[in-house]
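The structure appears right after this line, and notes come after that.
There are 2 protein chains.
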Amino acid sequence: MAESPLILITNDDSIKSKGIASLVEAMKPLGELVVVAPDTVQSGKGHAITIHDPLRLSKSDQFPGIEAYTCSGTPVDCVKLAIYEVMKKRPTLLVSGINHGSNAGINVLYSGTMSAAVEGAIEGIPSIGFSLLDHSADADFDASMSYANKLATLVIQNDLQKGVCLNVNIPRGKEEKLNGLKICRQGRAYWEDSFDKRKDPFGGDYYWLTGEYTDTDKGEDTDLWALANNFVSVVPTQFDMTAHHFIANLNDWIL
Amino acid sequence: MAESPLILITNDDSIKSKGIASLVEAMKPLGELVVVAPDTVQSGKGHAITIHDPLRLSKSDQFPGIEAYTCSGTPVDCVKLAIYEVMKKRPTLLVSGINHGSNAGINVLYSGTMSAAVEGAIEGIPSIGFSLLDHSADADFDASMSYANKLATLVIQNDLQKGVCLNVNIPRGKEEKLNGLKICRQGRAYWEDSFDKRKDPFGGDYYWLTGEYTDTDKGEDTDLWALANNFVSVVPTQFDMTAHHFIANLNDWIL
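Residue numbers (the numbering used here), protein chains in the order written: chain A, 1 to 255; chain B, 256 to 510.
Below is the structure:
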């Protein structure tokens, strides 16, 4: 009989979020679990790593019967510590999330959830990031858990090409209301940023980053289109950022 | 006569680093400058943004005669604050760096310097990140300054395709010893991570992230090859992380 899969679980909303508890539940039937997750909220941390401060790692009893740790660093730090310090062998699968809020479109760059999955892909580990389009702390993760279980099972069975991970976003609502899976590309939607400028009690200015998410992409093959049409979006994601199509142009005008 | 270019300058090594001072010097002849840079070292911050803490912005007299500000956040925060709060019109060009240390290969994902340039590209602003292959605080930036000036001039003259920025890495050494520019793709080189585990004075464990950079790419068209052969590497860089080549496979096994 094949060995039981070893599944590494992380996120960016911290070990205390409902999203990671839901992901742990969804993965339980699939194999042996190890959780290494941030001890504080690490949303928006992108692919940040901690190199100017030491990292702390602590055993956690957050999930009874499951080996779990909190880390003082970012989601990418969690993945590195898990692989190189915590786990005795390399995981069969890495899952990250379930994020409270969308990581479709350009959010893949800002997202700690997805950066953890991308770090898994860099390490050659089949990896999936899951996000639910609901920011609330007590969001309903039932449909997300069902899709997380299905997709993790498929990835364990089929494996992913080395260097590819999946960015999975799930619309709100009950599973029976969703239209199923759709394989997509990353949509071209951007943040129209703005800052909320305030004064602290001592007269100093400070700013909160806010913004409007604007979909400028008319394609029907994007994650944004899929989500707007009540599909679960699945974007195969990689980490070669080269603009290959522009190499010839650059050669023309630089050399 | 055309208006003088408006150039936004940022980095990740902080406003006090020699690298950004060198970049300011290199850009002076090219237009009007505005500097918005982190007040502390933000190396390895990738595409992180600050969403759970307020941001501070302070006027700086770091560069006499030049409008400059420090920001309490990440390099990407600096770019957003510069564009949406500080600057009266959009910059003609964004330059980031000159970083103390290489941002070739996979480093593009971890690098605050390059994430600032990528953020510029997301905003549709022609953007370049510069990095010198020398981590030392007093590195010799002479050759880097010369190449920064040349490439910024070329980008102002030619413009870049929207959504593309440049990742420029410069080998150590005097300009006359370098072999010129080479347009490249991002090389497949990764960190073999390891952690240096230590005990604090109170008996607690902590970890420093360390590692070896390993080039697994045999191509002669990579930034890593170019740098090893004493060329200045120029990688056109974009932010669509979709693994387009894998969409068909995924459709086969998921649907």
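Where is the CB? At the ideal position from N, CA and C, for every residue including glycine.
Quick one, which residues of the stretch 325-346 of chain B are near chain A if we go by CB-CB under 8 angstroms, in chain order? Thr329, Val331, Asp332, Lys335, Leu336, Ile338, Tyr339, Glu340
Hey, does Met212(B) have any beta-carbon neighbour from chain A nearer than 8 angstroms? Only positions 256 to 510 of chain B appear in the structure, and residue 212(B) is not among them; the question remains open.
Note down, one range per segment and in chain order, each beta strand (DSSP E) of at least 3 residues found wholly within the stretch 135-216 of chain A. 165-170, 181-183, 189-199, 205-215
According to DSSP, simplified to helix, strand and coil, what is Val489(B)? Translated into positions along the second sequence, residue 489(B) becomes position 234. It is a strand residue.
Here's the rule: buried if 16 or more other CB atoms are within 10 angstroms of the residue's CB, otherwise exposed. What is Gln186(A)? For the purposes of this step, residue 186(A) is taken as the residue at position 186 of the first sequence. Classification for Gln186(A): buried.
Which residue wins for smallest C-alpha separation from Val164(A), given the options Asp476(B), Leu505(B), Gly418(B), Val490(B)? For this step, residue 164(A) is matched to residue 164 along the first sequence. Cα-wise, what sits closest to Val164(A) is Leu505(B).
If the criterion is Cβ atoms closer than 8 angstroms, does the pair Ala237(B) and Ser488(B) meet it? This structure gives no information on residue 237(B), because the portion of chain B shown stretches from 256 to 510.
So, is Thr10(A) buried or exposed, given that buried needs 16 or more other C-beta atoms within 10 angstroms? Position 10 of the first sequence, counting from 1, holds the residue named residue 10(A). Result: buried.
Does any CB atom of chain A fall closer than 8 angstroms to the CB of Ser382(B)? For the purposes of this step, residue 382(B) is taken as residue 127 along the second sequence, with counting starting at 1. Chain A contact via Cβ: absent.
Give a yes or no on whether 8 angstroms exceeds the smallest Cβ distance from Phe231(A) to chain B. Locating residue 231(A) in the first sequence gives position 231, counting from the first residue. No, Phe231(A) lies away from the interface with chain B (no Cβ there is under 8 angstroms from its Cβ).
Can you tell me which of the three DSSP states Val34(A) falls into? Against the first sequence, residue 34(A) aligns to sequence position 34. It is a strand residue.
Under a Cβ-count criterion, where at least 16 other Cβ atoms within 10 Å of its own Cβ denotes burial, should Gly375(B) be classed as buried or exposed? For the purposes of this step, residue 375(B) is taken as residue 120 along the second sequence, with counting starting at 1. Gly375(B) comes out buried.
Cα-Cα separation, Glu430(B) to Leu406(B): The residue given as residue 430(B) occupies position 175 in the second sequence. The residue given as residue 406(B) occupies position 151 in the second sequence. Using only the alpha carbons, I get a separation of about 14 angstroms.
Counting only beta-carbon atoms, is Lys273(B) nearer than 8 angstroms to chain A? Here residue 273(B) is taken as the residue at index 18 of the second sequence, counted from 1. Judged by the 8 angstroms Cβ criterion, Lys273(B) is not in contact with chain A.
Leaving out five residues before and five after Ile438(B) in sequence, what residues of the same chain have Cβ atoms less than 6 angstroms from its Cβ? If you number the second sequence from 1, residue 438(B) lands on position 183. Once the five neighbours on either side are set aside, the close Cβ partners of Ile438(B) are Val489.
Best match in Asp448(B), Ile304(B), Arg345(B), His390(B) for proximity to Ser327(B) [C-alpha to C-alpha]: In the second sequence, the residue the question calls residue 327(B) occupies position 72. Among Asp448(B), Ile304(B), Arg345(B), His390(B), the Cα nearest to that of Ser327(B) is on Ile304(B).
Taking 8 angstroms as the threshold, find out whether the stretch 13-29 of chain A comes into contact with the stretch 275-288 of chain B through three or more Cβ pairs. no
Could you please give me the residues that DSSP links to Ala323(B) through a beta bridge? For the purposes of this step, residue 323(B) is identified with residue 68 of the second sequence, where counting begins at 1. Per DSSP, Val290(B), Ser315(B).
Alpha helix (DSSP H) segment containing Ile247(A), residue limits: If you number the first sequence from 1, residue 247(A) lands on position 247. Run containing Ile247(A): 247-254, per the alpha helix (DSSP H) assignment.
In or out: Gln157(A) buried (at least 16 other Cβ within 10 Å) or exposed? Looking up residue 157(A) in the first sequence gives position 157. Gln157(A) comes out exposed.
Terminal residues of the continuous alpha helix (DSSP H) containing Val76(A)? Position 76 of the first sequence, counting from 1, holds the residue named residue 76(A). Run containing Val76(A): 75-81, per the alpha helix (DSSP H) assignment.
Taking only three categories from DSSP, how would you classify Thr40(A)? Taking the first residue of the first sequence as position 1, residue 40(A) is located at position 40. Residue state, collapsed to three classes: coil.
Could you tell me which residues DSSP pairs with Ile7(A) in its beta bridges? Counting from one through the first sequence, the residue named residue 7(A) turns up at place 7. Beta-bridge pairing links Ile7(A) to Leu33(A), Leu93(A).
Nearest-angstrom Cα distance between Lys171(A) and Phe318(B)? Residue 171(A) sits at position 171 when you count from the first residue of the first sequence. Residue 318(B) sits at position 63 when you count from the first residue of the second sequence. Correcting the residue identity first, residue 171(A) is Pro in this sequence and not Lys. Taking the straight line from one Cα to the other gives about 49 angstroms.
Range covered by the alpha helix (DSSP H) that runs through Ile380(B): In the second sequence, counting from the first residue as 1, residue 380(B) sits at position 125. Per DSSP, Ile380(B) belongs to no alpha helix (DSSP H) and is neither H nor E.
Where the alpha helix (DSSP H) containing Gly19(A) begins and where it ends: Numbered from 1 along the first sequence, position 19 holds the residue referred to as residue 19(A). Unbroken alpha helix (DSSP H) run through Gly19(A): 18-27.
To be precise: take each residue of the stretch 289-302 of chain B, compare its Cβ to all Cβ atoms of chain A, and keep it if any distance is under 7 angstroms. Which residues remain? Val296, Ser298, Gly299, Lys300, Gly301, His302
If we call anything under 8 angstroms between Cβ atoms a contact, is Tyr69(A) one with Val41(A)? Counting from 1 along the first sequence, the entry for residue 69(A) is found at position 69. Counting from 1 along the first sequence, the entry for residue 41(A) is found at position 41. Not closer than 8 angstroms, so no.
Contact the stretch 198-216 of chain A vs the stretch 466-485 of chain B: 3+ CB pairs below 8 angstroms: no
Name the DSSP beta bridge partners of Leu101(A), please? The residue labelled residue 101(A) in the question sits at position 101 within the first sequence. Looking at the sequence itself, residue 101(A) is Gly, so the reference to Leu does not match. In the DSSP output, where bridge partners are listed per residue, Gly101(A) has none listed.
Work out the CA separation of His307(B) and Pro381(B) for me, nearest whole Å. In the second sequence, counting from the first residue as 1, residue 381(B) sits at position 126. In the second sequence, counting from the first residue as 1, residue 307(B) sits at position 52. Using only the alpha carbons, I get a separation of about 29 angstroms.
State the DSSP-derived secondary structure class of Gly474(B), mapped to helix, strand or coil. As a working note, residue 474(B) is residue 219 in the second sequence. If DSSP states are grouped into helix, strand and coil, Gly474(B) belongs with coil.
Can you list, in chain order, the residues of its chain whose CB lies under 7 angstroms from that of Ser43(A), leaving out five sequence neighbours each side? Position 43 of the first sequence, counted from the first residue, corresponds to residue 43(A). So the qualifying residues of the chain are Asp12, Asp13, Gly112.
What does Ser386(B) pair with, by DSSP beta-bridge criteria? Within the second sequence, the letter at position 131 stands for residue 386(B). Answer by DSSP bridge pairing, in chain order: Asn354(B), Asn424(B).
Reference Asp77(A), options Ser194(A), Glu123(A), Glu67(A), closest by Cα: The sequence position of residue 77(A) within the first sequence is 77, counting from 1. Comparing Cα positions, the closest option is Glu123(A).
Helix, strand or coil: how does DSSP classify Thr305(B) here? Taking the second sequence and counting its residues from 1, the one referred to as residue 305(B) is at position 50. Coil.
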